[in-house]
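Protein chains in written order, with this note's numbering: chain A, 11 to 716; chain Z, 11 to 716.
Note that CB positions come from ideal geometry on N, CA and C, so glycine has one too.
These numbers were taken from a predicted model, which means no experiment stands behind them.
Number of protein chains: 2
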Amino acid sequence: MIEHLLEPRCVAVVGASRTPGKVGHEIVANLVSGGFEGTIVPVNPSAEDVLGLKCYPDLASFGGKVDLGVVAVPSPAVKAAVTDILNAGAGAVCVITAGFREVGQEGARMEQEIVELCRLRNARLLGPNCLGLINSRIRMNASFAKRMPSFGGISVISQSGALCTAILDWAAARHLGLAKVISMGNKADLAENDFLQAFAEDGDTTVIAAYLESIGSGKDFVKAAEAAASKKPVVILKAGTTLAGAKAASSHTGSLAGADIAYGAAFRRSGVIRAETFEALFDYATALAMQPLPKGNNVAIITNAGGPGIMAADAVEQAGMRVTPLATNVATALREKLPAAASVGNPIDVLGDADPVRYATALNAAQDDDSIDAIIVILTPQAMTRPAETARAIAGCLNGSKPVLVSFMGGEDVMPGREELVACNLPDYPAPERAVAALRAMCDYAAWRRRPERVVARFPVNRRKAERIILRHMRTGRLQMGEAPAKDIMRSYGFNVPDGAVAATCQDAVDVAIRIGFPVAMKIVSPDVIHKSDVGGVRLNLANPDAVRDAYDLMMLRIGRAAPEANLEGVYVEKMGERGREVILGMTRDPQFGPMLMFGLGGIFVEVMRDVTFHLAPITRDEALQMLRGTRSYKLLEGVRGQKSVDLDSLAASIQKLSQLATDFPEVQELDINPLIVGTVGTDPLVADARITLAGRRDNAWHGSH
Amino acid sequence: MIEHLLEPRCVAVVGASRTPGKVGHEIVANLVSGGFEGTIVPVNPSAEDVLGLKCYPDLASFGGKVDLGVVAVPSPAVKAAVTDILNAGAGAVCVITAGFREVGQEGARMEQEIVELCRLRNARLLGPNCLGLINSRIRMNASFAKRMPSFGGISVISQSGALCTAILDWAAARHLGLAKVISMGNKADLAENDFLQAFAEDGDTTVIAAYLESIGSGKDFVKAAEAAASKKPVVILKAGTTLAGAKAASSHTGSLAGADIAYGAAFRRSGVIRAETFEALFDYATALAMQPLPKGNNVAIITNAGGPGIMAADAVEQAGMRVTPLATNVATALREKLPAAASVGNPIDVLGDADPVRYATALNAAQDDDSIDAIIVILTPQAMTRPAETARAIAGCLNGSKPVLVSFMGGEDVMPGREELVACNLPDYPAPERAVAALRAMCDYAAWRRRPERVVARFPVNRRKAERIILRHMRTGRLQMGEAPAKDIMRSYGFNVPDGAVAATCQDAVDVAIRIGFPVAMKIVSPDVIHKSDVGGVRLNLANPDAVRDAYDLMMLRIGRAAPEANLEGVYVEKMGERGREVILGMTRDPQFGPMLMFGLGGIFVEVMRDVTFHLAPITRDEALQMLRGTRSYKLLEGVRGQKSVDLDSLAASIQKLSQLATDFPEVQELDINPLIVGTVGTDPLVADARITLAGRRDNAWHGSH
């Protein structure tokens with residue numbers, strides 16, 4: 011039980027040592043010096059006492075009930091230690107010891123043994139190969155990092171123990187409180203999803219900050235992260251973003267996607283605030299822990315120096331927020347209270363000699379003004395400046411209606427002010443730009459919290475038909491599906507596909523053309539021809555039976571010559587479609603997060619400009635519209651130079667239908683609709699070409715999901 | 011003389027006061043407590059002595075020669091004070107007092123008077139309305155900021171006095187040395203260009219860091235900045251980037267340009283390193299002051315913690331640099347010296363228990379490896395970590411062959427290490443990403459320093475003809491030039507323009523068409539018709555005389571109906587051109603920096619994607635090629651999907667010719683060649699349409715430049 015890990019009343023340290031510097035010593039020392047409120051039980055057969063605490067040869071000798079056992083013995087002895095702990099009734103084990111999965115197969119086997127031991131006894135395991143954990147409310151430092159943080163609202167999950175030590179050291183220097191700090195180590199059992207879930211429910215935790223290098227199950231992560239983010243902010247720094255190896259992909263969508271894009275889509279989907287840098291992780295977490303969320307993006311800036319005020323204004327505008335002037339009556343009233351040389355525009359310049367009262371006056375005005383959603387206060391240490399009193403004055407007039415972020419710029423002169431700010435729950439940043447970035451993160455999260463309820467529409471489709479086509483194709487053993495069956499699948503999912511059929515002979519082709527009506531297009535059907543146009547395998551605008559006949563014979567003749575070994579199954583004859591805006595819809599299945607949908611404008615926009623957006627399936631209408639708006643070329647969809655807008659709703663519906671298809675059929679590995687032809691409002695987009703690749707391995711698919 | 015300002019032997023403080031807190035007191039106190047090596051002369055008719063120094067009623071009473079006079083009297087008394095100072099032989103005056111141009115017209119007039127006084131006596135003026143200045147080598151703190159920095163290589167120029175105080179406070183907390191600190195105030199006389207010039211020559215200054223809100227003369231700035239950047243790094247934070255008001259522009263180029271883009275172009279041109287944030291300003295300056303420039307962008311990362319190593323690697327790749335593995339023999343040799351669990355890949359992981367020797371071993375390996383150009387060293391405070399000794403070990407093995415940047419992550423535990431690092435001239439950053447950003451700035455600057463010599467080619471053109479066309483058009487009083495004369499100008503500058511001529515009658519049009527050969531295009535010629543296509547004023551592909559006749563009559567009829575008031579001068583008949591890739595070349599004249607050239611791919615790439623690059627004229631071939639490569643759509647020029655590359659050289663030459671035209675004729679305010687049709691290698695780009703707007707005011711143009 012994770013409560014035994016996070017809130018134990020009795021902690022045993024197996025491998026407790028009398029030798030300072032040894033991990034088994036440091037953990038006991040940290041528990042003692044941290045002031046742990048519960049019982050500490052050192053275990054070591056060769057010691058009478060450790061740091062004045064009675065030491066037991068094993069937990070059987072102790073006899074009492076243990077909640078959490080911390081293991082710091084050499085790896086070959088870990089299994090016995092865990093058994094001893096479990097026998098003492100512990101619901102949680104934390105294995106500090108390294109030398110498991112991270113060193114090779116034998117280590118992995120030992121790790122698995124420990125996991126099984128715990129599972130059999132319904133106990134949870136943290137680690138192995140971790141730093142331990144801290145719960146500052148109950149003063150438990152069950153780690154070998156010596157700093158005990160003060161109590162505060164941020165809980166930290168880290169996949170790097172070393173980063174925990176840096177964070178603890180850093181937080182101490184800034185007097186920043188932390189609720190819980192978890193070093194996850196090898197994540198043999200407990201992992202990010204467990205802690206997201208636990209911290210979402212944890213009354214002490216107001217913000218969850220995590221450093222992750224990998225995640226276990228993508229789907230569970232999205233679920234846990236969304237549940238947590240719906241209750242409190244979750245800020246994650248995901249490292250390893252660019253090192254994703256190039257993966258072989260047979261579709262545009264697959265070649266444009268990648269692990270980092272998948273993480274981005276998963277974070278967006280689940281309301282996770284992504285920190286791009288280590289500093290951003292705590293810049294954002296601090297603001298979110300200390301201040302209310304903004305209701306909009308209108309920002310007032312209060313400063314005692316022009317330059318930094320301009321810097322802040324630049325940063326606000328570059329971040330897509332607004333430097334909004336005070337309401338006229340508010341500005342007029344404020345002008346009377348400030349010296350003549352002060353500016354009541356935005357930035358509000360309270361002048362270099364501003365005293366604490368002047369700051370408070372300006373802050374009250376901005377706080378009372380409904381046209382302002384957030385306030386940034388800047389202070390530089392000038393001759394008359396009183397940083398500490400100003401900090402107290404700022405804190406004194408806060409009414410909690412909107413976020414106030416502060417930048418006290420400088421060093422030692424402003425340090426007393428900084429300490430006051432932290433004590434008063436005011437997030438402080440060394441430069442205005444960092445305050446603005448934190449505010450931007452707050453705005454994004456607030457917008458996500460205000461999002462409409464997620465409703466994934468289900469369209470009426472002929473799922474059984476699509477299933478039959480897929481099963482039939484799977485029996486061929488080929489992964490790449492031809493245009494005809496791919497289009498049949500699209501048709502069965504309610505897409506508008508031009509009439510067409512495969513013709514095996516010249517006369518067939520003419521018959522098909524006559525049946526569907528001229529003009530028609532003709533495309534070669536062959537599993538051996540990938541780039542149809544390159545070998546003359548595509549003919550457009552065939553207007554009559556003779557043209558069809560000529561095209562058929564020439565196509566067969568020429569491709570037969572160019573690729574004599576190719577198996578030519580016939581041609582696909584289809585009705586020529588209307589013209590319109592070409593877009594690409596795609597889907598690729600991420601190994602972590604499952605189906606990812608892609609949207610982009612066709613041709614060079616995707617291939618050269620890489621102007622595409624991704625979103626996880628299943629998708630809502632709102633999210634599909636966001637995908638459209640997320641491209642740089644969105645204006646083209648809305649119409650430029652007097653062109654009409656395309657039918658954005660039906661385009662969004664196409665994305666939703668693709669989402670439904672991707673969710674229904676795990677055996678579809680990649681899919682490109684390229685192009686989808688989108689017309690003006692009232693028209694139904696047309697699938698001009700479609701390409702489907704099935705999943706290679708059977709186990710990945712089908713029966714599991716049906 | 012600026013030397014009198016920066017290196018005075020005798021400083022008079024007029025307005026010296028016995029009252030602590032008064033500016034006139036603080037300046038004397040700062041000079042005294044800073045330990046100024048020269049003579050300090052307090053001047054105040056109502057004091058006998060100030061801080062133990064004899065005080066004079068005026069400088070005549072002092073009798074000696076003064077180099078620099080600092081003025082801290084109320085604004086009405088400033089003029090007399092300046093006169094007194096100049097009479098004492100001072101070559102420089104620093105007016106701290108505010109209440110001049112920044113408060114209105116009367117202030118501006120007083121300011122001008124002081125400027126004139128100084129100019130008459132060949133003296134230079136700093137301020138008014140400034141904080142003063144500091145020269146740390148001679149221990150002169152002639153400012154009312156109380157902190158005297160330690161001596162170091164960075165010189166600071168700031169347009170914000172408050173920012174100076176924040177910088178001084180910040181530098182003190184980081185033990186960072188500064189050479190000179192200048193608060194420029196109103197810049198009535200001395201401004202950024204003077205200090206760029208002075209610091210370029212200053213032996214104490216190794217890096218120039220500036221905060222600017224505006225600049226005086228753009229051209230002089232580019233000259234001064236380029237000269238300075240050719241000798242030492244110049245890092246500038248330019249504030250007010252987004253607040254540039256929308257400006258009415260009649261061309262695409264004009265509407266896409268703006269003050270911030272102009273500054274960007276000017277900085278690129280002159281080798282200035284642009285800092286986007288306040289922290290970046292000193293992050294970059296510190297690295298540049300302390301470490302040699304990298305020869306390339308291959309980066310090695312040394313770390314005692316996996317997570318931060320990955321963060322650094324992510325940042326390196328995102329910044330467009332490379333995480334390069336050590337050479338095989340170097341890696342093999344290193345492996346033997348490190349514990350088995352260490353990694354000699356990149357990042358090089360020296361493990362959590364790394365001692366100083368292990369860091370030094372890894373650093374030596376990376377330093378000796380010719381495949382590595384720069385090194386980032388990361389330390390987290392783990393149980394066995396010794397930050398101070400590690401810092402000394404790192405410093406001890408540096409050979410100065412390549413830059414080493416350090417990130418000691420944490421707070422108090424690593425603080426002793428941080429102080430050692432600064433003392434050893436090692437730039438230290440609180441997070442790896444900031445070290446990487448600083449390294450990126452170093453790489454960019456190093457690349458600029460390695461640039462080929464700037465040679466602006468001059469093409470043989472018919473300048474006199476272009477001049478005649480411009481003069482003739484100016485006499486009409488219209489600013490917008492028609493297509494025919496604009497194309498004549500392009501022709502005279504060696505551009506390939508389709509044959510064509512204006513025809514005033516239907517028969518004229520036919521005659522012109524026959525002379526130049528069919529097919530032809532026809533476009534309405536009217537000063538009152540701006541958007542020709544919108545009113546049916548463009549007809550293409552007219553294949554024979556009848557088609558020309560029909561088109562002429564219909565065009566006159568319809569436009570006559572649609573815009574009865576329009577003055578229709580005739581039609582422009584020209585030969586239809588070849589097809590090719592459409593690009594836009596443009597020019598707009600920035601009020602600060604003069605002619606700015608623009609390049610982008612035609613149509614939506616410019617209008618929707620805003621995928622354009624700018625560069626100042628005059629331009630070199632190398633810079634023109636950079637403009638092409640700077641667009642996101644560059645690949646389209648090189649050819650995608652088997653298309654051939656366009657003739658990049660002749661496209662660059664077109665930009666160079668446009669540059670020459672812009673430089674030759676200041677009366678050309680804006681110019682769009684839209685589109686320029688570019689063909690494959692060996693073809694000459696074709697000017698399909700051109701549009702020229704002349705400068706409105708005469709004084710802005712012509713006679714000054716000829």
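(1) Are the C-beta of lysine 257 (chain A) and some C-beta of chain Z separated by less than 8 Å?
(2) What does valine 76 (chain A) touch in chain Z if you count any residue whose Cβ is under 7 Å from its own?
(3) By how many angstroms is the C-alpha of threonine 630 (chain A) removed from the C-alpha of valine 465 (chain A)?
(4) Report all residues from its chain with a CB closer than 7 Å to the CB of lysine 533 (chain A); omit the five preceding and five following residues, and keep chain order.
(5) Taking CB distances under 8 Å as the criterion, tell me whether serine 170 (chain Z) reaches chain A.
(6) Using a Cβ-Cβ distance under 8 Å, would serine 643 (chain A) count as near chain Z?
(7) Could you pull out every residue in the same chain whose Cβ sits closer than 6 Å to the Cβ of serine 655 (chain A), ignoring the five residues on either side in sequence?
(8) Anything in chain Z within Cβ reach of tyrosine 294 (chain A), meaning under 9 Å, just list it in chain order.
(9) Using 8 Å for Cβ pairs, my map puts leucine 222 (chain Z) next to glutamate 202 (chain Z). What's the rounded Cβ distance?
(10) Can you name the residues of chain Z whose CB is closer than 8 Å to the CB of isoleucine 614 (chain A)?
(11) Can you confirm whether the region 341 to 353 of chain A touches the region 420 to 439 of chain A when touching is taken to mean that 3 or more C-beta pairs between the two stretches lie within less than 8 Å?
(12) Indicate whether cysteine 104 (chain A) and leucine 127 (chain A) have their beta-carbon atoms separated by less than 8 Å.
(13) Among the candidates Z:Val387, Z:Ala219, Z:Gly306, Z:Leu607, whose CA atom is the shortest distance from the CA of alanine 719 (chain Z)?
(14) Please state if the CB of alanine 152 (chain A) and the CB of valine 80 (chain A) are separated by a distance shorter than 8 Å.
(15) Straight-line CA distance for leucine 489 (chain Z) to valine 539 (chain Z)?
(16) Check the Cβ of isoleucine 320 (chain A) against every Cβ in chain Z and list those closer than 8 Å, keeping chain order.
(17) Taking CB distances under 8 Å as the criterion, tell me whether glutamine 392 (chain Z) reaches chain A.
(18) Quick check on histidine 625 (chain Z): does DSSP put it in helix, strand or coil?
(19) What are the boundary residues of the alpha helix (DSSP H) that glycine 117 (chain A) is part of?
(20) Residues of chain Z with a CB under 9 Å from the CB of threonine 400 (chain A): which are they?
(21) Verify whether the separation of the beta carbon atoms of tyrosine 562 (chain Z) and leucine 671 (chain Z) is less than 8 Å.
(22) Quick check on the DSSP output: the beta strand (DSSP E) that includes asparagine 374 (chain A) runs from which residue to which?
(23) Taking C-beta to C-beta, are phenylalanine 675 (chain Z) and alanine 384 (chain Z) nearer than 8 Å?
(24) How would you write the range of the beta strand (DSSP E) that phenylalanine 161 (chain Z) sits in, first residue to last?
(25) In whole angstroms, what separates the C-alpha of glutamate 13 (chain A) from that of alanine 285 (chain Z)?
(26) Grouping DSSP H, G and I as helix and E and B as strand, with all else coil, what is arginine 488 (chain Z)?
(27) Keeping to the same chain, check which residues put their C-beta closer than 6 Å to that of alanine 6 (chain Z); ignore five residues upstream and five downstream.
(28) Is any beta-carbon of chain Z found at less than 8 Å from that of valine 530 (chain A)?
(29) Against glycine 330 (chain Z), what residues of chain A qualify as contacts under a CB-to-CB distance less than 8 Å, listed in chain order?
(30) Taking Cβ-Cβ distances below 9 Å as the criterion, which residues of the region 423 to 447 of chain A are in contact with chain Z?
(31) Could you name the residues of chain A that threonine 287 (chain Z) contacts, counting a contact when the two beta carbons are closer than 7 Å?
(32) Short of 6 Å in beta carbon distance, which residues of its chain neighbour aspartate 94 (chain Z), apart from the five on each side in sequence? Order them along the chain.
(33) Kindly list, in the order they appear in chain A, the residues whose Cβ is closer than 8 Å to that of phenylalanine 154 (chain Z).
(34) Verify the CB distance criterion: does methionine 11 (chain A) have a CB-CB separation below 8 Å to chain Z?
(35) Could you give the uninterrupted runs of the alpha helix (DSSP H) lying entirely in the region 577 to 636 of chain A, keeping only those of 4 residues or more?
(36) Identify whether glycine 79 (chain Z) lies in helix, strand or coil by the three-state DSSP scheme.
If we stick to the structure as given:
(1) Residue placement at lysine 257 (chain A) is poorly supported in this model, since its pLDDT is 40, which falls under 50; the coordinates still yield a value, given next. For lysine 257 (chain A), the answer is no, since every Cβ of chain Z falls outside 8 Å of its Cβ.
(2) None at all; the shortest Cβ gap to chain Z is about 25 Å.
(3) Between valine 465 (chain A) and threonine 630 (chain A), the C-alpha separation is close to 6 Å.
(4) Excluding residues within five positions, the ones whose Cβ falls inside 7 Å are Glu493, Lys542, Gly547, Val548, Val581, Tyr582.
(5) Contact of serine 170 (chain Z) with chain A is assigned, a C-beta pair being separated by under 8 Å.
(6) Yes - at least one Cβ of chain Z is within 8 Å of the one on serine 643 (chain A).
(7) Its chain contains Glu648, Gly649 as the residues whose beta carbon lies nearer than 6 Å to that of serine 655 (chain A), once the 5 sequence neighbours on both sides are disregarded; these appear in chain order.
(8) Result: empty, since nearest Cβ-Cβ is about 14 Å, beyond 9 Å.
(9) Their Cβ separation, rounded to whole angstroms, is 6 Å, which keeps leucine 222 (chain Z) and glutamate 202 (chain Z) in contact under 8 Å.
(10) Taking a Cβ-Cβ cut-off of 8 Å, the neighbours of isoleucine 614 (chain A) in chain Z comprise Ser643, Leu646, Val650, given in sequence order.
(11) No: fewer than three Cβ pairs fall under 8 Å.
(12) Leucine 127 (chain A) sits away from cysteine 104 (chain A), with the two beta carbons spaced by 8 Å or more.
(13) This structure cannot speak to residue 719 (chain Z), because chain Z is shown only from 11 to 716.
(14) The answer is yes: Cβ separation under 8 Å.
(15) When rounded, the distance between both Cα atoms is 14 Å.
(16) Result: Glu223, Ala249, Gly250, Leu253.
(17) It does: the Cβ of glutamine 392 (chain Z) has a partner Cβ on chain A nearer than 8 Å.
(18) In this structure, histidine 625 (chain Z) counts as strand in the three-state DSSP scheme.
(19) Here the alpha helix (DSSP H) through glycine 117 (chain A) covers 115 to 130.
(20) For threonine 400 (chain A), none of the residues of chain Z pass the 9 Å Cβ criterion, the least Cβ distance being about 14 Å.
(21) Leucine 671 (chain Z) is positioned such that its CB atom lies no closer than 8 Å to that of tyrosine 562 (chain Z).
(22) It is not in any beta strand (DSSP E) - asparagine 374 (chain A) instead sits in the alpha helix (DSSP H) that spans 366 to 378.
(23) No.
(24) Start and end: 161 to 168.
(25) Going by the C-alpha atoms only, they are around 48 Å apart.
(26) DSSP, read as helix, strand or coil, puts arginine 488 (chain Z) in coil.
(27) Residue 6 (chain Z) lies beyond the residue range present for chain Z, which begins at 11 and ends at 716; the question has no answer from this structure.
(28) No, its Cβ sits nowhere closer than 8 Å to a Cβ of chain Z.
(29) Within 8 Å of the CB of glycine 330 (chain Z), no CB atom of chain A is found; the nearest one sits about 11 Å away.
(30) So the close ones are Asp423, Val424, Met425, Pro440, Ala441, Pro442, Glu443, Arg444.
(31) Ordered by position in chain A, the residues that pass the 7 Å Cβ test against threonine 287 (chain Z) are Ala441, Glu443.
(32) Excluding positions up to five away in sequence, the list reads Asp68, Leu69.
(33) Those within 8 Å of phenylalanine 154 (chain Z) in chain A are Ala393.
(34) Not one chain Z Cβ lies under 8 Å of methionine 11 (chain A).
(35) Listed in chain order, they are 614 to 617.
(36) Three-state result, glycine 79 (chain Z): strand.
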